[in-house]
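Take a look at the structure below.
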Amino acid sequence: MSGKTGVAEILRESGAWLKGHFLLTSGLHSDQFLIMARAFEVPRLGRQLGQMVAELFREERVEAVVGPAMGGVILAYEVAAALGARALFAEKADQGMVLKRGFRLGAGERVLVVEDAVSTGGSVQRLLDHLESHPAQVVGVGAVADRSEGRANFKVPFRAAWSLAVQQWPAADCPLCAQGQPLRRPKEE
Ligand SMILES: [Zn+2]
């Protein structure tokens, strides 16, 4: 498996890419949902996804990979393993998305930020903001899935192994609500 087809197959077969009627974090309704944890439930598949993201940054001499919790934790580990880099994660705090647990980045250290799926890019941006206070150099943002349709816009290069355009509607305009299809919240199930 390689490239975009490979990612789609892994997400479909692992149950990470759902079709149906879903409530998104944004409050909008959609006919598709990515529940990326399911792809990492099978380590062999999670490892393949990590390798695909790593390949996008193979030339960047990455020394440390940082993922925002929860979605970026396992991916950062797998990408770091594939690149021979360190694996760190950041966590939510009052001030945003920060490094805790004694994680430090060295002066000039080449850092890659990774997230499993980017929609608005909010968590990644909060982490990038935090990393400005570190002496390291962020060389890019990597993701397995980009469903931002161009809305995610960072100061560093953003590369994803796969892109997905998701139709979404306010509840009042949702054709699936109109058909009476039950609404699902996959992260709560
Ligand atoms: Zn609906």
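Plus 22 on top of the position in the sequence shown (first one is 1) and you've got the working numbering. The beta-carbon is built from N, C-alpha and C at its ideal position, and this holds for glycine as well.
{"query": "Leu186 - DSSP class collapsed to helix/strand/coil", "result": "coil"}
{"query": "Cutoff 6 angstroms; reference Asp73; Cβ partners in own chain excluding five residues on either side", "result": "Note that residue 73 is Gln in the sequence shown here, rather than Asp. So the list reads Ala104, once near-sequence residues are dropped."}
{"query": "Cα-Cα separation between Arg207 and Leu46, rounded to whole angstroms", "result": "8 angstroms"}
{"query": "Alpha-carbon to alpha-carbon, Gln190 and Gly25", "result": "Low local confidence applies: a pLDDT of 44 at Gly25 is under 50, so the model's placement there is unreliable, and no value is given."}
{"query": "Where Gly49 falls, given that 16 or more other Cβ within 10 Å makes a residue buried", "result": "exposed"}
{"query": "Beta-bridge pairing of Gly118 - partner residues as DSSP gives them", "result": "Ala115"}
{"query": "Proximity of Ala167 and Ala187 at Cβ, strictly below 9 angstroms", "result": "no"}
{"query": "Burial state of Ala115, where buried means 16 or more other Cβ atoms lie within 10 Å", "result": "exposed"}
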